[in-house]
Amino acid sequence: MEVAEKPVEPLLADARQKEAGESFFVDGIKFLMLEQYDKALERFQRSYALNPGNAALNYKLAETHMLAGRLTDALPFAQAAVTLDASNPYYYLLLAQLYSGGQRYDEAIKVLTKLTKDIPGTEQYLFNLADLYMAKNRFDDALKTYDRIEKQYGFIEEVSFKKQQIYLKQNNLEKALKEGETLIASDPTEVRYPLAQAEMLANNKKIDQAVQMVNKALSIDQNNAQARLMLAELLRQKGQVNEAVTELQTAFGNPDLDIDAKVKIILEYIRQLPQPATKNQALLNTTLHLAEQTVKAHPQEAKAYAVAADVQNMADKKLEARNNYIKATQLDNSHFSIWNQLVALDAELNQTDSLLAHTEKALELFPNQAVFWFYNGTSYLIKKNYSRAVKSLEYGKKLSLDKPELVTQFNMRLGDSYNSLKEYTKSDEAYEAVLVQDPNNPQVLNNYSYFLSLRNQDLAKAKSLSSKLVNLFPNEETYLDTHAWVLYKLKEYPQALKYFEKIAATTKNGTIAEHYGDVLFQVGQKEKAVQQWQRAKTLGEASSFIDKKIKDQKLYE
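Put into structure tokens, the structure is as follows:
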């Protein structure tokens, strides 16, 4: 007969169950510390199956769910933890945090209210409660909470500033100013307090009182740049412009004033400048001076040189502007806008070597910016490296297909470059593409017609283009010369002479003088022709035949 196995005693079973639950709990803590939240949850849940009434376990389940980003799953466990143990402040804090994370601020307020009321030594959480009241715009409740904080801890700067903010939101300027007086009285050597008071007064159009308060701040710290800036603005509002500028310049000379604040002010002055800026020379001079002071105070800041260059560019101080843009790129080469301004000034100032060098560097940094390929190609064109010019211009053009105006600029340069390479078909195609978009483009009308005349190709078209050009610009010397030269090539000498006579007396261009001489020779005025050839040689830019023409008194082409 089999003997039945003796059943396990209930107390022994409970002990084993408790031991297993604790083991799972300890493992869960380890995985939680390692931020392995899924493994931690698995252990905590196994522990929970054995002991669901453990407050600490419920808290850890809630915490782990929260850290894993599952706020909804965390909430029931946090609620259970507080219910199971209403004396642990951390349980309340976690529950309030979960309510706040779900924007359930009213429930969070109830939790923290109960915590700070029922559990001794939890006054520090009144700050959290006040923040929740602020989030709900319950300003009166927030004020009461701040009063409780001050009763517990005494004067606290942060609390006083927050009360001030509440009073301002409630449009209670009187109480806000009174709170400011409390701040000032708390530490008469702290310059921030009268400055904050001055700002509040200024924002409420109490300018004279604001000036008094700023002067109070300056009596504490006469070198305070922020106070000088504020005083400058207040004096400007009072119409005391010269005094305002003096204060502003004093502030700008202080290296302790943040450069971003200075740049912001200079940009505001730039926005006030008319077009052109020289229409208000006084304002322009002030802006220039502020920019120069910024550079002196911050000689290692790229933005100081950049903003100074912006102002100098507007003041038509192109060379100074260019040099400051160079310094800015040397200190910080990461700003496209600065490089863009720099190469544009290189081009405007005809600094071809610099234009080439700067565009090469800019293209290393910004290879997909078409504008740099345009200037790079232009510099190679000027330096007569036509194949390199074409390479850069064609690449930049491909990057600009969504910008028709920029494509037109590329085609203008490509027309010139391909003509110099004697790839005339491509040159003509580029010019024609420009004229489709811009039929009155003077540069293309001029170059296209002139190059056709030099090649003795399609002279009728050349005449049509140059005729249009002089109709649009009847007094432009270069364009009149082009049209006259096209007529010369067509052997329409009397008509060509008429146009040359309009510009011959005043021209300083050797090519034009030589062309005029050629026409004079063709119409039988040999003596006058030689005189013009001699003049052409003196002026420069004449052809390689000029000496032979003068010597032999004959026309060579």
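Numbering (the UniProt record's numbering), first residue to last: 1 to 557. We put the beta carbon where it would ideally sit given N, CA and C, even for glycine. What you are looking at is a predicted structure, and each value in this text was computed from that prediction instead of being measured.
Residue ranges of each beta strand (DSSP E) run of no fewer than 3 residues wholly in the segment 96-183, ordered along the chain? none
Per DSSP, what kind of secondary structure is F372 in: helix, strand or coil? helix
Collapsed DSSP secondary structure at Y556 in the structure displayed: coil
Cα-Cα separation, L319 to S543: 33 Å
Sub-8 Å separation of L177 and Q197 beta-carbons: yes
When you compare only the Cα positions, how much space is there between I382 and F500? 28 Å
To the nearest angstrom, how far is the alpha carbon of Y386 from that of K422? 10 Å
Backbone CA spacing between Q522 and K461 [nearest angstrom]: 23 Å
When the Cα atoms are used, what is the spatial distance from E190 to E181? 12 Å
Identify, in the order they occur along the chain, each residue of the same chain with its Cβ nearer than 6 Å to the Cβ of G517, setting aside the five sequence neighbours on each side. A529, Q532 and W533
Is it true that the CB of W373 sits closer than 8 Å to the CB of L365? no
For a test of the three-state rule: what should DSSP assign to D260, helix, strand or coil? helix
Quick check on E541: does DSSP put it in helix, strand or coil? coil
Output the distance between the C-alpha atoms of N215 and N88, rounded to the nearest integer angstrom. 52 Å
Taking Q437 as the reference, give the member of F451, N411, A505 and N419 with the closest Cα. N411
Alpha carbon to alpha carbon, how far is Y133 from K18? Give it in angstroms, no decimals. 43 Å
State the start and end residues of the unbroken alpha helix (DSSP H) segment that holds Q247. In the sequence under discussion, the amino acid at residue 247 is Glu, which differs from the Gln named in the question. From DSSP, the alpha helix (DSSP H) with E247 extends over V241 to F252.
What are the start and end residues of the alpha helix (DSSP H) that includes K296? Q281 to A297
C-beta atoms of Q341 and Y325 nearer than 8 Å: yes
Cβ pair D547, I512 closer than 8 Å: no
Note the first and the last residue of the continuous alpha helix (DSSP H) segment covering L399. Where L399 is concerned, there is no enclosing alpha helix (DSSP H), given that its DSSP letter is neither H nor E.
Residue range of the alpha helix (DSSP H) that includes H483: E477 to K489
Residues in the same chain with beta-carbon distance under 8 Å from V390, minus the five sequence neighbours each way, listed in chain order, please. G377, L414, S417, Y418 and L421
With three or more C-beta pairs closer than 8 Å as the rule, is the segment 226-237 touching the segment 268-278? no
Given this structure, state the Cα-to-Cα distance separating L469 from L435, to the nearest angstrom. 12 Å
Quick check on DSSP: helix, strand or coil for A504? coil
Relative to the alpha-carbon of K426, which residue among E405, Y448, A49 and N441 has its alpha-carbon at the smallest distance? Y448
Determine the DSSP secondary structure at E35, reduced to helix, strand or coil. coil
Inter-residue spacing [alpha-carbon to alpha-carbon] between D552 and P276: 54 Å
K262 versus T246 - alpha carbon distance: 15 Å
Is Y59 near Y91, with beta carbons less than 8 Å apart? yes
What is the DSSP secondary structure of E301, reduced to helix, strand or coil? coil
May I have the straight-line CA-CA distance separating K537 from L555, to the nearest angstrom? 15 Å
Helix, strand or coil for V86 per DSSP? The amino acid at residue 86 is misidentified as Val; the sequence shows Ala. Coil at A86, not helix or strand.
A282: buried (16+ other C-beta within 10 angstroms of its C-beta) or exposed? exposed
Measure the C-alpha to C-alpha separation of A302 and K175 and round it to an integer number of angstroms. 45 Å
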